[in-house]
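Asker:
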Amino acid sequence: MIEITTDDLPAKLIQLMEGPTPPVYFVSNGCSFSPDRWGGVDIRAACHWHDYAYQIGGCKQDRQIADSSFYRNLRRCDLGKFMANIYYRRVRLFGVAAFNWAEGKVPLNPWHYCLLFFERYIQW
Numbered sequence: 071m072i073e074i075t076t077d078d079l080p081a082k083l084i085q086l087m088e089g090p091t092p093p094v095y096f097v098s099n100g101c102s103f104s105p106d107r108w109g110g111v112d113i114r115a116a117c118h119w120h121d122y123a124y125q126i127g128g129c130k131q132d133r134q135i136a137d138s139s140f141y142r143n144l145r146r147c148d149l150g151k152f153m154a155n156i157y158y159r160r161v162r163l164f165g166v167a168a169f170n171w172a173e174g175k176v177p178l179n180p181w182h183y184c185l186l187f188f189e190r191y192i193q194w
């Protein structure tokens, strides 16, 4: 597993990142299941900041803020709009389980919505 700290990142990118700044001792795994570089663009800083925001956690709004900041940070790394949007959509779809939810703020299981649909709209 890849381990990234702030010391591993380019200083010029660190200055451009928005969101809560990870402490020096914080270790992330980069972009998890996605490439840390895309077309020669180093996006580890954006992923590191995003991982830290997810570790802080909170509620749905905190996750939305973290993901929106992630998109803007990807753009600051010079990743194109198309690929930044793909990374953003992936964390919106699949990041629910990785987010550190505050007590009582865990969203309902996605299968719950599926069951509600069948219960309301499909007669057995």
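All the letters of the sequence shown, read from the start, carry residue numbers 71 to 194 under this note's numbering.
Each residue gets a CB set at the ideal place from its N, CA and C atoms; glycine is no exception.
1) Between which two residues does the alpha helix (DSSP H) containing Met-252 stretch?
2) Should Arg-159 be listed as close to the ligand MG, given that the test is whether its C-beta is under 6 Å from any heavy atom?
3) Secondary structure at Ser-98, three-state DSSP: helix, strand or coil?
4) Pick out whichever of Arg-145, Cys-147, His-120, Arg-146 has its Cα sitting closest to the Cα of Gln-134.
5) Considering only their Cβ atoms, is the gap separating Asp-137 from Val-161 smaller than 7 Å?
Answerer: Inspection of the coordinates gives the following:
1) Residue coverage of the chain in this structure runs from 71 to 194, which leaves residue 252 outside it and unanswerable.
2) Judged by which ligands are present, the structure shown has none, so any question about the ligand MG falls away.
3) As a working mapping, residue 98 is identified with position 28 in the sequence shown. Strand.
4) The count along the sequence shown starts at 1 and reaches residue 134 at position 64. Ranking Arg-145, Cys-147, His-120, Arg-146 by Cα distance to Gln-134 puts His-120 first.
5) On the sequence shown, position 91 is the one that residue 161 refers to. On the sequence shown, position 67 is the one that residue 137 refers to. Cβ distance < 7 Å, so Val-161 and Asp-137 count as in contact.
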